[in-house]
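If you read the sequence shown in this note's numbering, its first letter stands for residue 274, the second for the next number, and so on.
Here a beta-carbon is modelled for each residue, glycine too, at the ideal position from N, C-alpha and C.
Encoded as structure tokens, the structure appears first; notes follow it.
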Amino acid sequence: MTGFTQLADGLAILEALDLARQRNEHATGVTWSALDRHVIDRGDLQIFPIARAGSDDESRERFRGMVRELYSDAIHFFGGDAVHAEHLLTPDEGYGKTLAMAGIVSENRLYMWFIGNHGAVPVVTSDPENKSTVLAIHVIPAEWEWTPWGGTNTARGASRARTMAKRCAAADPSWDWPA
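Right, here's the structure in full:
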């Protein structure tokens, strides 16, 4: 595959999540398709396909620049600027483990930015069969990676943490580029 295709603006997705947080829509639920029509809705997990680059140098360079800009904007707007508030995911636990178990290996380090009750994870993967690289933002419940302060100090909190861990492990992060 050659060429560059962009379906959505990654920063616009993050800003829409932040607007939903400001409106307190986490209590009633976010209408994911209103954020982007290409969203892959998996219940707790939402996958927003952002861009795809082919094997040619021009599209790969454009893609890499877009990914760098998204990470920079995410750090600036959602990471606390000079104080980096992003959360590094590992393949050993949480959503990083869910991705690894599904065979999804990100070309970039997996960071998550907390936006209200959600976590936004940009994932860059390669498809050797199509000779393409894709970027998608995975939006997950923040509790899959973060337990509220003192959250596991009570029986209810510990039960909630176990429930979130089970829901994270059961998530299906695999997807195909929209037709």
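Continuous beta strand (DSSP E) stretch holding residue i: start and end
i: H411; result: S405 to P414
i: G392; result: H391 to D400
i: R315; result: I313 to R315
i: I320; result: L318 to A326
i: M385; result: Y384 to I388
Distance, residue j Cα to residue i Cα
i: L284; j: W305; result: 15 Å
i: T406; j: D449; result: 12 Å
i: F351; j: H411; result: 16 Å
i: I323; j: E418; result: 23 Å
For residue i, the first and last residue of its enclosing alpha helix (DSSP H)
i: S242; result: Residue 242 is absent from the model: the chain starts at 274 and stops at 452.
i: S281; result: A small fix is needed here, since residue 281 is Ala in this sequence, not Ser. Taken as a continuous stretch (DSSP letters only), A281 belongs to no alpha helix (DSSP H), as it is neither H nor E.
i: M437; result: A428 to A443
i: I377; result: Where I377 is concerned, there is no enclosing alpha helix (DSSP H), given that its DSSP letter is neither H nor E.
Burial state of residue i (16 or more Cβ within 10 Å)
i: Q295; result: exposed
i: T401; result: Looking at the sequence shown, residue 401 is not Thr but Pro. P401 should be labelled exposed.
i: A443; result: exposed
i: H349; result: exposed
Residues near residue i in its chain [Cβ-Cβ closer than 6 Å; skip 5 each side]
i: E342; result: none
i: L290; result: I388 and H391
i: A326; result: F277, S332, R333, F336 and T406
i: I320; result: I313, A409, H411 and W448
Same chain, Cβ closer than 8 Å to residue i, five either side skipped, listed in chain order
i: S380; result: According to the sequence shown, residue 380 is Glu rather than Ser. These residues qualify, in order along the chain: V397, T398, S399 and T406.
i: R435; result: none
i: P364; result: K370, L372 and A373
Review point. At a cut of 8 Å, does the region 371-381 reach the region 419-434 through at least three beta carbon pairs?
Key: no
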